[in-house]
Amino acid sequence: MLKTQVGDQWWLVQQPDHARVSGYLAAHWGNTHGFAQPGHFADAVDPHWLRQEVVHAIAEHDNGWWEWEATPEFDSSDTLPLNLPDTARNQKDAGLERWRIGVPRFADEHPLIALLISLHAYWLYAFAFDDIADQDDALRHPLFGQIGNVDQLVADRSLTRSFLDVQHAIQIGLRQKLEQTAEGADAIRDAHLLPHLRLLQTMDALSLLLCGGGQQTTELPDVPRQNWQDRVTIHWRAQDERQIICDPYPFDTDPLDVFVPVRTVSDPITPGIQPITRLHTTPLKAIRFVLSSHALAL
1 MLKTQVGDQW WLVQQPDHAR VSGYLAAHWG NTHGFAQPGH FADAVDPHWL RQEVVHAIAE
61 HDNGWWEWEA TPEFDSSDTL PLNLPDTARN QKDAGLERWR IGVPRFADEH PLIALLISLH
121 AYWLYAFAFD DIADQDDALR HPLFGQIGNV DQLVADRSLT RSFLDVQHAI QIGLRQKLEQ
181 TAEGADAIRD AHLLPHLRLL QTMDALSLLL CGGGQQTTEL PDVPRQNWQD RVTIHWRAQD
241 ERQIICDPYP FDTDPLDVFV PVRTVSDPIT PGIQPITRLH TTPLKAIRFV LSSHALAL
């Protein structure tokens, strides 16, 4: 659960809903102004299949949270579901367990999806360990990857290092499976895999910004434009409460409406009502944001 205080309200967004917003953004990624669509960062055996798998992977990158969201833990101080960072404080490998569930869910039928999710998890934590070789700064998560931020994600260094070793082994197996088909072997070439992984990280970051109210001003570095060698920094700026300006603008529609499924709670503690009941009596709203290349009169 993503739990953010926005003004005088708490915004509650389920992890899989956040991921679906990421997938929506990925499906609209690419335009005639220099940004390639997923599947088109290099010549591809089957670019339409590749685009489909990448968008699907981005939309399902947090699928491992379904089970937790079905039976969430609640914070006794406000009777709301635990926020994402708080789950690790209660159970040191709680966040890692979500990846252990989510990665294999697609491994049999969609190994590229499983590989991208595993790589996303791997590089989320890897920069906390100086001895992991071949670290590429371009794969630091746009929001969490910087020194200081990434350390906060690691609740237990031993557990996390073991998790990374297991994921690396899983990735080898998934690569071997993908090599058995022409389109799969093509998809794991660095010319495709690196920009698609970075796209997942970027869509994750953009969706997290929206789920947190969208009011932050930030920069997202190393975003692939035409190919992996052609990377730019996207500047994210709130024009008003619900309008975001992206520069340069990467989407196929300008402006682009984005709807985020949110439960909003003004008074966290409701006497006499059990937390799970109160959660389900709170209506799910679709909060509209507008992404654009320039200021609009809305």
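The sequence shown stops at residue 298 when you use the numbering used here, and every number in between is there.
Even for Gly, the Cβ is constructed at its ideal location relative to N, Cα and C.
Spatial neighbours of Val-290 in its chain, beta-carbon cut-off 8 Å, leaving aside the 5 residues before and after:
Non-local beta-carbon contacts of Val-290 in its own chain, meaning distances under 8 Å to residues more than five positions away in sequence, involve Arg-242, Gln-243, Ile-244, Pro-255, Leu-256, Asp-257, Val-258, Leu-296 and Leu-298 in chain order.
Can you give me the Cβ contacts of Gln-362 inside the same chain, cut-off strictly under 7 Å, excluding the 5 residues immediately before and after it?
No answer is possible for residue 362: it lies beyond the span of the chain, which begins at 1 and ends at 298.
Note down, in chain order, each residue of its chain lying with its Cβ closer than 6 Å to the Cβ of Tyr-249, except the 5 sequence neighbours on either side.
Excluding five sequence positions before and after Tyr-249, the CB atoms of its chain that fall closer than 6 Å to its own CB belong to Ser-293, given in chain order.
Going by the DSSP bridge assignment, what does Phe-289 pair with across the sheet?
Looking at the DSSP assignment, Phe-289 forms a beta bridge with Val-258.
Per-residue burial, Leu-159 [other beta carbons within 10 Å of its own, 16 or more giving buried]
Flag for Leu-159 reads exposed.
What does the alpha-carbon distance come out to for the pair Arg-97 and Pro-195?
A quick correction: the sequence has Glu, not Arg, at residue 97. Rounded to the nearest angstrom, the two C-alpha atoms are 26 Å apart.
Is there at least one Cβ from chain D nearer than 8 Å to Val-45's Cβ?
Any reference to chain D falls outside this structure, which holds one protein chain only.
Buried or exposed: which applies to Ala-182, given that a residue is buried once 16 or more other Cβ atoms fall within 10 Å of its Cβ?
Exposed, by the Cβ-count rule.
Per DSSP, what are the beta-bridge partners of Arg-237 in this structure?
DSSP lists Ile-245 as partners of Arg-237.
Would you please state the rounded distance, in angstroms, between the beta carbons of Leu-178 and Leu-116? I believe it to be under 8 Å.
Leu-178 to Leu-116, Cβ: 11 Å. No contact.
Beta-carbon proximity check, Val-6 vs Val-260, cutoff 8 Å
The criterion of a C-beta distance shorter than 8 Å is not satisfied by Val-6 and Val-260.
Cα-Cα separation between Asp-222 and Arg-157, rounded to whole angstroms
C-alpha separation (whole angstroms): 27 Å.
Look at the alpha carbon of Asp-190 and the alpha carbon of Asp-8, and state the distance between them as a whole number of angstroms.
Inter-residue distance for Asp-190 and Asp-8 is about 46 Å (C-alpha atoms, whole angstroms).
Take Gln-152 and list the residues in its own chain whose beta-carbon comes closer than 6 Å to its own, dropping the five residues that flank it on each side.
Excluding its 5 nearest sequence neighbours in each direction, Gln-152 has no C-beta neighbour in its own chain below 6 Å.
My parser needs the beta strand (DSSP E) runs of 3 or more residues fully inside the segment 146 to 227; what are they?
As far as the segment 146 to 227 is concerned, its whole beta strand (DSSP E) runs of at least 3 residues are 218 to 227.
Jot down the residue ranges of each uninterrupted alpha helix (DSSP H) in the segment 97 to 144, minimum 4 residues, whole runs only, in chain order.
Runs of the alpha helix (DSSP H) spanning 4 or more residues and lying entirely within the segment 97 to 144 occur at 111 to 125, in chain order.
Among Met-203, Gly-213, Ile-147 and Val-262, nearest to Ala-238 - alpha-carbon criterion
Checked all of Met-203, Gly-213, Ile-147 and Val-262; the closest Cα to Ala-238 is Gly-213.
Checking the sheet assignment: what are the DSSP bridge partners for Leu-2?
Answer is Val-13, bridged to Leu-2.
Using 10 angstroms around the beta-carbon of Lys-285, count the other beta-carbons present and answer buried if the total reaches 16, otherwise exposed.
By the 10 Å Cβ count, Lys-285 comes out exposed.
Residue range of the alpha helix (DSSP H) that Trp-49 falls in?
Unbroken alpha helix (DSSP H) run through Trp-49: 47 to 59.
Hey, how far is the Cα of Thr-218 from the Cα of Ser-76?
Here the alpha carbons of Ser-76 and Thr-218 stand approximately 33 Å from one another.
For the structure I just gave you, are there three or more beta carbon pairs, one from the segment 92 to 107 and one from the segment 54 to 68, closer than 8 Å?
These segments touch.
CB contact flag (Phe-106, Ala-94, <8 Å):
With contacts defined by Cβ atoms closer than 8 Å, Phe-106 and Ala-94 do not form a contacting pair.
Locate the alpha helix (DSSP H) running through Ile-276, then write down its first and last residues.
DSSP places Ile-276 in the uninterrupted alpha helix (DSSP H) bounded by 275 to 281.
Cross-strand partners of Phe-251 (DSSP beta bridge)
Trp-29, per the DSSP bridge assignment.
Going by the CB atoms, is the gap between Leu-84 and Met-203 shorter than 8 Å?
At a Cβ-Cβ threshold of 8 Å, Met-203 and Leu-84 do not count as neighbours.
Would you mind working out which of Gln-215, Lys-92 and Leu-209 sits nearest Ala-155, comparing C-alpha positions?
The shortest Cα separation from Ala-155 among Gln-215, Lys-92 and Leu-209 belongs to Lys-92.
If you draw a straight line from the alpha carbon of Ala-128 to that of Cys-246, how long is it in whole angstroms?
The alpha-carbon separation between Ala-128 and Cys-246 amounts to approximately 30 Å.
Own chain, CB closer than 6 Å to Phe-35, minus 5 neighbours either side, in chain order:
Sequence-distant partners of Phe-35 (beyond 5 residues in either direction) whose C-beta falls short of 6 Å from its own C-beta, in its chain, are Arg-225 and Pro-250.
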